[in-house]
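Numbering-wise (the UniProt record's numbering), the sequence shown opens with residue 1 and increments by one.
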Amino acid sequence: MLVLPAIDILEGKPVRLYQGDYDQKEVVGKDIHSLAEKFVSLGTKFLHIVDLDGAKDGKLVNGEAIIALANHLEIPVQVGGGIRDMEKISQYLDNGINRVILGTAALENKQFLEEALDKYGERIVVGVDIKNDHVYGHGWLKSSAVPYEVFISQLEEMGVKRIIVTDISRDGTLEGVNEVLLKKIQSLTKMSIIAAGGVKSMQDVRAVKKIGLEGAITGKAIYAGTLNLAEALSLQ
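The following block contains the structure:
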């Protein structure tokens with residue numbers, strides 16, 4: 001199972017949000033390069049990066065900085081936030097990024113998702129961001145009318161191979177992962193699942209592994225010190 005440290009970027013700085021609230025941000029490092037290098041030194045095999053400005057504004061606000069970082073590192077990087085057309089996908093995938101995460105665009109534009117899957121296949125990951133049993137978009141700021149079960153079924157039918165499931169209500173809260181939700185989603189699909197939101201401790205990492213998911217993304221826990229990243233990475 002992969003453990004993916006998360007670096008979320010807002011206004012050029014690495015931050016963590018509370019339940020996706022842009023007004024509740026905490027700067028967690030000097031810069032994204034020093035953070036990433038620290039994670040790599042501890043044994044990180046895959047890095048998760050989100051352009052929070054991009055997620056909100058629908059464009060690659062921090063794209064150049066993310067590409068520069070990815071080309072500096074020797075591990076693969078997956079990126080989400082503001083990727084809503086083929087040009088933006090190509091900008092990342094043709095310039096050193098391993099995988100891109102589609103959220104709002106996958107939810108609102110199925111034709112675009114089909115085009116992306118046709119061209120890039122498994123390098124396209126879809127974020128399933130859940131709150132009150134519905135899928136959210138636009139940087140978690142806007143709810144859709146789509147129940148997450150329906151969305152997941154649609155994605156699998158379209159040929160998506162990997163999803164990132166985030167329980168928004170637990171993101172940045174250190175409350176622990178929502179095992180009930182993750183087990184239910186695991187039972188609904190054969191797609192690979194990476195869990196995000198609420199990871200607090202080794203107990204959560206072990207729980208995700210026991211459920212049989214492909215990986216877990218952790219951010220707040222490693223910055224707050226409730227999860228020892230080196231110990232978590234030893235379970236990979």
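Ideal Cβ placement from N, Cα and C applies to all residues, glycine included.
Three-way DSSP call (helix, strand, coil) for residue i in this model
i           : result
residue 38  : helix
residue 215 : strand
residue 23  : strand
residue 57  : helix
residue 238 : Residue 238 falls outside the range modelled here, since the chain spans only 1 to 236, and no answer is possible.
residue 84  : coil
residue 102 : strand
residue 43  : coil
residue 67  : helix
residue 10  : strand
residue 152 : helix
residue 49  : strand
residue 93  : helix
residue 107 : helix
residue 2   : strand
residue 238 : The structure shown has nothing for residue 238, since the chain only spans 1 to 236.
Limits of the unbroken alpha helix (DSSP H) element including residue i
i           : result
residue 80  : Unbroken run through residue 80 is the beta strand (DSSP E), 77-80; no alpha helix (DSSP H).
residue 220 : 220-224
residue 231 : 229-233
Closest Cα partner of residue i within the set the options
i           : options               : result
residue 132 : 146, 121, 84 and 110  : 146
residue 27  : 185, 11, 40 and 109   : 11
residue 78  : 30, 47 and 193        : 47
residue 206 : 185, 222, 186 and 234 : 234
residue 87  : 192, 184 and 105      : 105
residue 180 : 33, 167 and 172       : 167
residue 149 : 120, 177, 183 and 31  : 183
residue 169 : 18, 7, 30 and 101     : 18
residue 237 : 61, 99, 214 and 178   : No information on residue 237 is available, as it lies outside the stretch 1 to 236 that the chain covers here.
Presumed contact (8 Å Cβ cut-off) between residue i and residue j, rounded CB distance
i           : j           : result
residue 35  : residue 14  : 5 Å
residue 116 : residue 81  : With a Cβ gap of about 15 Å, residue 116 and residue 81 do not count as contacting.
residue 137 : residue 164 : That pair is no contact at about 14 Å.
residue 155 : residue 135 : Not really, about 10 Å apart at Cβ, beyond 8 Å.
residue 222 : residue 76  : Not confirmed; about 19 Å, so no contact.
residue 3   : residue 189 : Not quite, the Cβ-Cβ distance comes to about 22 Å (not below 8 Å), so this is no contact.
residue 84  : residue 122 : Between residue 122 and residue 84 the Cβ distance is about 20 Å, and since that is not below 8 Å, they are no contact.
residue 97  : residue 124 : About 12 Å; that fails the 8 Å criterion.
residue 231 : residue 202 : 6 Å
Segment limits, beta strand (DSSP E) that includes residue i
i           : result
residue 129 : 124-131
residue 137 : 134-137
Below-8 Å beta-carbon distance, residue i vs any chain E residue
i           : result
residue 150 : Judged by its chain identifiers, the structure shown contains no chain E, having just a single protein chain.
Closer than 7 Å: residue i CB and nearest the ligand MG heavy atom
i          : result
residue 21 : With respect to small molecules bound, the structure shown includes none, and the ligand MG cannot be examined in it.
Checklist entry - Considering only residues of the region 154-213, which uninterrupted alpha helix (DSSP H) runs meet the minimum length of 4 residues and lie entirely inside it, listed in chain order? => result Residue ranges of uninterrupted alpha helix (DSSP H) with 4 or more members, entirely inside the region 154-213 and ordered along the chain, are 179-188 and 202-211.
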